[in-house]
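Trainee: Top to bottom, those sequences are chains F and W. At position 63 of the first sequence the residue is numbered 63 (this note's numbering), and the sequence of numbers has no breaks. All you need for this note's numbering is the position in the second sequence, starting with 1, plus 456. All residues carry an ideal CB built from backbone N, CA and C; glycine is no exception. Fair warning: this is a prediction, and the values are worked out from it, not measured in the lab.
There are 2 protein chains.
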Amino acid sequence: MAASATAPPALRFSLKPSIDSSVSRSETCDPFPRCRNRDLVSLRSSSVSHGLSRFNRVSSPVLKFDGIRSKVMASSVPAVDKSPLKKSSRLSTIVDVDLGDRSYPIYIGSGLLEEPDLLQRHVHGKRVLVVTNTTIAPLYLDKVINALTCGNSNISVESVILPDGEKYKNMDTLMKVFDKAIESRFDRRSTFVALGGGVIGDMCGFAAAAFLRGVNFIQIPTTVMAQVDSSVGGKTGINHPLGKNLIGAFYQPQCVLIDTDTLNTLPDRELASGFAEVVKYGLIRDAEFFQWQEKNMQALLARDPSALAYAIKRSCENKAEVVSLDEKESGLRATLNLGHTFGHAIETGFGYGQWLHGEAVAAGTAMAVDMSYRLGWIDESIVKRVYNILQQAKLPIAPPEVMTVEMFKSYMAVDKKVADGLLRLILLKGPLGNCVFTGDYDRNSLDKTLRAFCES
Amino acid sequence: MAASATAPPALRFSLKPSIDSSVSRSETCDPFPRCRNRDLVSLRSSSVSHGLSRFNRVSSPVLKFDGIRSKVMASSVPAVDKSPLKKSSRLSTIVDVDLGDRSYPIYIGSGLLEEPDLLQRHVHGKRVLVVTNTTIAPLYLDKVINALTCGNSNISVESVILPDGEKYKNMDTLMKVFDKAIESRFDRRSTFVALGGGVIGDMCGFAAAAFLRGVNFIQIPTTVMAQVDSSVGGKTGINHPLGKNLIGAFYQPQCVLIDTDTLNTLPDRELASGFAEVVKYGLIRDAEFFQWQEKNMQALLARDPSALAYAIKRSCENKAEVVSLDEKESGLRATLNLGHTFGHAIETGFGYGQWLHGEAVAAGTAMAVDMSYRLGWIDESIVKRVYNILQQAKLPIAPPEVMTVEMFKSYMAVDKKVADGLLRLILLKGPLGNCVFTGDYDRNSLDKTLRAFCES
């Protein structure tokens with residue numbers, strides 16, 4: 001597929017950052033080494049500088065199914081599978097998000113929507129509301145309804161199909177979910193299922209959190225972005241005309257089901273957008289994963305199933321660990337927002353939906369990395385590697401031309417990470433895989449970065 | 457004061473229930489014995505039949521201030537006052553709501569809005585948003601702003617003044633709170649203060665729960681209803697055209713400050729409305745409190761300060777205990793909804809704001825008591841005493857004429873207590889002070905009650 005077919009509108013790849021970043025794509029485009037032994041991958045630590053001790057990772061039990069599938073735990077305490085799957089299961093991997101009585105499993109694998117048991121064990125009550133959008137409904141709604149009801153005539157399923165896109169992630173659209181649930185007389189023992197990308201997951205999750213003050217919730221993310229990021233950790237919400245995700249709740253699902261087959265229908269641009277978050281995990285806490293990505297980005301773009309499954313699993317493991325340590329984002333969890341403060345300003349200033357979230361995050365990551373370098377906190381080599389991998393992934397490394405310094409300052413001032421008027425940022429510091437979340441930085445460096453990336 | 461001045465519109469006191477309830481007001485209108493030793497009141501148990509063991513009530517420490525004020529704990533574990541008030545404090549009573557790391561104090565007394573320390577110790581961050589309405593703002597907004605800022609120049613206060621009334625408890629009005637907070641660039645370290653009745657408390661609480669996924673929250677309830685019920689226990693939310701409180705969150709405040717002086721400006725009808733909830737506590741779990749009310753209802757209606765303070769304190773203690781045992785309403789907490797399922801149907805069917813909440817609850821309580829009697833679960837004497845005390849309090853004991861059996865059935869079917877299609881109700885069972893929350897009752901009795909109370 002031609003790169004032009006997937007480039008976001010108004011992308012501006014011309015650079016004015018502080019260092020030479022003119023690394024051509026071909027220079028780092030390694031031939032793809034197949035991801036072998038993916039079922040036996042063990043987790044390794046990368047150091048982080050946020051002051052919290054890392055988990056003592058436990059060597060995970062490996063359960064073979066059909067001689068192919070396995071199960072790898074990412075939580076600090078090895079989880080017990082209370083209802084083991086049948087031998088015929090196509091389940092590949094479970095990542096457990098360890099949050100005490102709000103813990104839940106993330107199932108990752110191919111063909112999981114053809115495993116009715118998997119979904120049905122997490123349904124509470126007899127009534128299910130599937131929340132999806134006009135793009136996903138024709139592709140997967142029937143399949144999901146079948147998975148929910150197959151062999152279980154007690155379950156009745158309703159669905160609400162919302163318009164597709166970030167610009168519809170607002171109160172008016174959310175009300176359509178409440179209207180449907182109330183008109184259908186759903187009660188507290190109901191289950192809401194989010195079928196779609198991050199927008200659907202965030203809106204359905206907030207609807208589940210607020211409907212009758214909280215009903216059961218299941219996520220079936222169908223984009224890389226939702227699979228590696230928004231479906232893990234319980235952040236739900238909607239946008240306000242003045243800022244992203246300003247209204248919402250922390251609300252955990254009963255389970256997340258990631259059927260990697262749903263990526264087969266994902267547009268290239270959406271695919272690449274998700275990789276911005278994958279890159280992020282490497283940068284903030286998992287240098288080894290970043291190195292793997294540098295070698296395997298072409299395989300990911302080519303949708304190699306093994307590479308995709310591995311990248312999703314390792315991303316979910318990283319996020320699950322962070323969320324387990326800091327569910328309500330008192331500090332550590334904020335590091336998952338590398339590039340997001342700049343990125344949210346781009347999304348708000350450029351108008352929701354002009355760029356995909358991952359595209360804005362990629363440009364924001366480039367800006368955060370630039371600023372980290374100006375502060376003298378990282379080596380130039382890291383800046384080059386970041387620009388290089390983002391460009392490999394066909395992601396932007398600068399904001400759209402419409403963005404001005406003043407727009408950035410204005411929109412960043414309403415970021416949720418502002419505390420008592422002080423803007424805190426996630427910046428890289430030290431060797432690859434280390435970051436800080438801090439308001440203690442030289443304001444001149446921020447100004448210089450903004451001026452370097454903006455026309456005016 | 458003439459009864460006609462406070463009677464709700466379209467009240468229908470003519471009765472068609474199952475027993476003779478024509479007890480005249482004067483028959484039980486005992487002369488008011490002053491509430492002596494109110495500062496040393498100890499709690500006594502009344503038995504309940506919900507199957508959960510009662511607290512072992514602990515003899516509370518009594519801390520004297522000025523030889524007048526005292527502190528009585530209602531929580532199961534005596535709380536420690538970490539920052540004792542100065543000797544000059546006018547604080548009368550603290551009821552502690554025991555919810556682990558979400559525990560909070562309810563301060564009850566006269567002149568508490570003139571104690572800046574009390575509010576300021578619970579403010580997080582430097583910015584406060586007071587949410588109030590057009591009725592309360594002219595009366596108390598300046599006083600509250602002064603209490604928040606007096607002697608503390610670091611605190612800046614914004615306010616949003618909403619239209620007054622249950623009919624404005626909706627998403628459009630809620631958005632005005634978000635708009636104000638976002639336009640004013642409030643961040644996560646902000647505090648929302650609800651100044652007003654139950655509508656303001658519920659909306660401000662939900663706004664605090666959802667703004668940036670949760671900010672600090674303080675309640676200053678100014679009606680009996682809000683003081684004895686809606687400000688205790690963390691239920692927040694808004695109405696949907698098809699039902700009350702269908703969208704919301706469980707969200708606990710940092711503190712509740714009840715300045716009984718604010719009741720001096722409360723209209724008589726609002727005052728009486730709050731007594732419906734006070735009566736409820738006696739009926740569901742505190743027979744002794746009910747007996748006290750039978751003797752003191754005239755004093756309450758005459759706004760005797762001692763009687764009001766005692767009724768509020770004892771109501772908060774009852775609710776705090778129930779909420780401590782069952783924060784998320786898995787069973788016991790539902791008993792606080794005696795009369796509310798019928799009452800919500802009245803509010804929805806009659807249109808929000810036609811009747812006050814307590815008026816609808818009073819009629820709903822009469823219906824629940826009638827149904828309990830039809831089921832053979834209580835003696836006729838209890839029915840008579842309930843009708844009598846509600847009539848003493850100038851509250852309705854039958855729904856408005858517009859309500860039909862079909863309307864009740866339709867609106868009760870969307871009640872939050874419906875589970876898998878089964879309507880569960882709170883009904884009295886056994887001696888005074890005992891109730892059950894159950895879906896296991898004879899449907900004929902419900903039908904008979906509905907037919908007895910409705911024209912068609």
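Under 8 Å Cβ to Cβ from Y251 of chain F, same chain only, skipping five residues before and after it: list those, please.
Mentor: In the first sequence, counting from the first residue as 1, residue 251 of chain F sits at position 251. Excluding positions up to five away in sequence, the list reads G205, F206, A208, A209, G214, F217, G234 and T236.
Trainee: For V633 of chain W, which residues in the same chain have their Cβ closer than 6 Å to its Cβ, ignoring the five residues on either side in sequence?
Mentor: Position 177 of the second sequence, counted from the start, is the residue given in the question as residue 633 of chain W. Around V633 of chain W: V587, V616 and A663.
Trainee: Would you please verify whether the beta carbon of L698 of chain W is less than 7 Å from any beta carbon of chain F?
Mentor: Within the second sequence, the letter at position 242 stands for residue 698 of chain W. So yes, L698 of chain W belongs to the interface.
Trainee: Using C-beta distances below 8 Å, list every residue in its chain close to G895 of chain W, excluding the 5 sequence neighbours before and after it, in chain order.
Mentor: Sequence index remark: in the second sequence, residue 895 of chain W carries index 439 (1-based). Correct list, in chain order: A875, L878, L879, R880 and L881.
Trainee: For R333 of chain F, count the other beta carbons within 10 Å of its own beta carbon; 16 or more makes it buried, fewer makes it exposed. Which is it?
Mentor: What you label residue 333 of chain F is simply residue 333 of the first sequence in a count that begins at 1. The residue is buried, with at least 16 neighbouring Cβ atoms inside 10 Å.
Trainee: Show which residues of chain F have a CB atom less than 7 Å away from the CB atom of A666 of chain W.
Mentor: Here residue 666 of chain W refers to the residue found at position 210 of the second sequence. Here the neighbours are I247, G248 and A249.
Trainee: For a test of the three-state rule: what should DSSP assign to A393 of chain F, helix, strand or coil?
Mentor: On the first sequence, residue 393 of chain F is found 393 positions in, with the first residue counted as 1. Annotated three-state conformation of A393 of chain F is coil, per DSSP.
Trainee: Counting beta carbon pairs with one atom in the region 693-712 of chain W and one in the region 764-771 of chain W, are three or more of them shorter than 8 Å?
Mentor: Segments in contact, no.
Trainee: Please confirm if S59 of chain F has its CB atom under 7 Å from at least one CB of chain W.
Mentor: Taking the first sequence and counting its residues from 1, the one referred to as residue 59 of chain F is at position 59. Per-residue confidence for S59 of chain F stands at a pLDDT of 29, beneath the threshold of 50, marking its modelled position as unreliable; the derived number appears in the next sentence. S59 of chain F does not count as touching chain W.
Trainee: Nearest to D658 of chain W by alpha carbon, out of W:L698, W:E639, W:V817 and W:L702?
Mentor: Taking the first residue of the second sequence as position 1, residue 658 of chain W is located at position 202. It is W:L702 whose Cα lies nearest to the Cα of D658 of chain W.
Trainee: Under 6 Å Cβ to Cβ from C316 of chain F, same chain only, skipping five residues before and after it: list those, please.
Mentor: On the first sequence, position 316 is the one that residue 316 of chain F refers to. The answer, listed in chain order, is V95, I106 and V232.
Trainee: Kindly identify the DSSP beta-bridge partner or partners of F706 of chain W.
Mentor: As a position in the second sequence, residue 706 of chain W is number 250, starting the count at 1. W:K691, per the DSSP bridge assignment.
Trainee: Chain F partners of G693 of chain W, CB-CB under 7 Å?
Mentor: Numbered from 1 along the second sequence, position 237 holds the residue referred to as residue 693 of chain W. What G693 of chain W touches in chain F: R213.
Trainee: Step through the CB atoms of chain W and report whether any lies within less than 7 Å of the CB of I312 of chain F.
Mentor: For this step, residue 312 of chain F is matched to residue 312 along the first sequence. No, because no Cβ of chain W sits closer than 7 Å to the Cβ of I312 of chain F.
Trainee: Would you list, in chain order, the members of the region 578-606 of chain W that have their beta-carbon closer than 7 Å to a beta-carbon of chain F?
Mentor: G581 and K582
Trainee: Where are the alpha helix (DSSP H) runs, 4 residues long or more, that stay fully inside the region 812-856 of chain W, in chain order?
Mentor: 813-830 and 836-848
Trainee: Closer than 8 Å by beta-carbon distance: list the chain F residues that pair up with I455 of chain W, in chain order.
Mentor: Nothing about residue 455 of chain W can be reported from this structure: the residues present for chain W run from 457 to 912 only.
Trainee: Candidates F:F437, F:V436, F:P400 and F:T134: which alpha carbon is nearest E455 of chain F's?
Mentor: In the first sequence, counting from the first residue as 1, residue 455 of chain F sits at position 455. Restricting attention to F:F437, F:V436, F:P400 and F:T134, the CA atom closest to the CA of E455 of chain F is found in F:P400.
Trainee: Helix, strand or coil for I592 of chain W? Go by DSSP, reduced to three states.
Mentor: In the second sequence, the residue the question calls residue 592 of chain W occupies position 136. Three-state result, I592 of chain W: coil.
Trainee: Could you name the residues of chain F that M627 of chain W contacts, counting a contact when the two beta carbons are closer than 7 Å?
Mentor: Your numbering for residue 627 of chain W matches position 171 in the second sequence. Think of a sphere of 7 Å around the beta carbon of M627 of chain W: the chain F residues whose beta carbon falls inside it are M171 and M175, in chain order.
Trainee: Just to check my reading of the structure: L395 of chain F and L338 of chain F have Cβ atoms closer than 8 Å, yes? What is that Cβ distance to the nearest angstrom?
Mentor: Here residue 395 of chain F corresponds to residue number 395 of the first sequence, with the count starting at 1. Here residue 338 of chain F corresponds to residue number 338 of the first sequence, with the count starting at 1. Not quite, the Cβ-Cβ distance comes to about 14 Å (not below 8 Å), so this is no contact.
Trainee: Beta strand (DSSP E) containing P561 of chain W: first to last residue?
Mentor: Against the second sequence, residue 561 of chain W aligns to sequence position 105. That run of the beta strand (DSSP E) goes Y560 to G565.
Trainee: Excluding the 5 residues preceding and the 5 following A868 of chain W in the sequence, name in chain order all residues of the same chain whose CB lies nearer than 7 Å to its CB.
Mentor: Here the question's residue 868 of chain W lines up with position 412 in the second sequence. The sequence shown places Met at residue 868 of chain W, rather than the Ala named in the question. Once the five neighbours on either side are set aside, the close Cβ partners of M868 of chain W are T797, A801 and L879.
Trainee: By Cβ distance below 6 Å, which residues in the same chain neighbour A593 of chain W in space, the five residues on each side in sequence not counted?
Mentor: As a first step, residue 593 of chain W must be located in the second sequence, where it is residue number 137. If we look at A593 of chain W and ignore the five residues flanking it on each side, its Cβ neighbours are I617.
Trainee: In this structure, what does DSSP give as the bridge partners for G331 of chain F?
Mentor: Taking the first residue of the first sequence as position 1, residue 331 of chain F is located at position 331. Per DSSP, none; premise fails for G331 of chain F.
Trainee: Okay, do the region 219-226 of chain F and the region 264-271 of chain F touch, 3+ Cβ pairs below 8 Å being the bar?
Mentor: yes
Trainee: What residues in the region 640-656 of chain W bring their beta carbon closer than 8 Å to a beta carbon of chain F?
Mentor: R641, D643, R644 and R645
Trainee: Can you find a C-beta in chain F that's less than 7 Å from the C-beta of V874 of chain W?
Mentor: Residue mapping note: residue 874 of chain W aligns to position 418 of the second sequence, counting from 1. It does: the Cβ of V874 of chain W has a partner Cβ on chain F nearer than 7 Å.
Trainee: Output yes if chain F places a C-beta closer than 7 Å to the C-beta of F634 of chain W; else output no.
Mentor: For the purposes of this step, residue 634 of chain W is taken as residue 178 along the second sequence, with counting starting at 1. Yes, because at least one Cβ of chain F sits closer than 7 Å to the Cβ of F634 of chain W.
Trainee: Can you find at least 3 beta carbon pairs, one from the region 180-187 of chain F and one from the region 143-152 of chain F, that sit closer than 8 Å?
Mentor: Between the region 180-187 of chain F and the region 143-152 of chain F there are fewer than three C-beta pairs closer than 8 Å, too few to call the two in contact.
Trainee: Determine the closest residue to C891 of chain W out of W:N608, W:K784, W:N752 and W:R741, with distance taken between C-alpha atoms.
Mentor: Here residue 891 of chain W refers to the residue found at position 435 when the second sequence is read from its first residue. Measuring from the Cα of C891 of chain W, the nearest candidate turns out to be W:R741.
Trainee: Does the beta-carbon of D598 of chain W have 16 or more other beta-carbons within 10 angstroms, so that it is buried, or is it exposed?
Mentor: Reading the second sequence from its first residue, position 142 is the one you call residue 598 of chain W. D598 of chain W is exposed by the Cβ-count criterion.
Trainee: Can you give the Cα-Cα distance for D871 of chain W and H696 of chain W, rounded to whole angstroms?
Mentor: For the purposes of this step, residue 871 of chain W is identified with residue 415 of the second sequence, where counting begins at 1. For the purposes of this step, residue 696 of chain W is identified with residue 240 of the second sequence, where counting begins at 1. Taking the straight line from one Cα to the other gives about 12 Å.
Trainee: What does the alpha-carbon distance come out to for the pair F350 of chain F and G358 of chain F?
Mentor: Position 350 of the first sequence holds residue 350 of chain F. Position 358 of the first sequence holds residue 358 of chain F. Spanning the two alpha carbons is a distance of roughly 14 Å.
Trainee: Could you pull the DSSP bridge partners for T647 of chain W from this structure?
Mentor: Looking up residue 647 of chain W in the second sequence gives position 191. Note: T647 of chain W is bridge-paired with W:V584 and W:N672 in the DSSP secondary-structure output.
Trainee: Who are P677 of chain W's beta bridge partners in DSSP?
Mentor: Mapped onto the second sequence, residue 677 of chain W falls at position 221. P677 of chain W pairs with W:G652.
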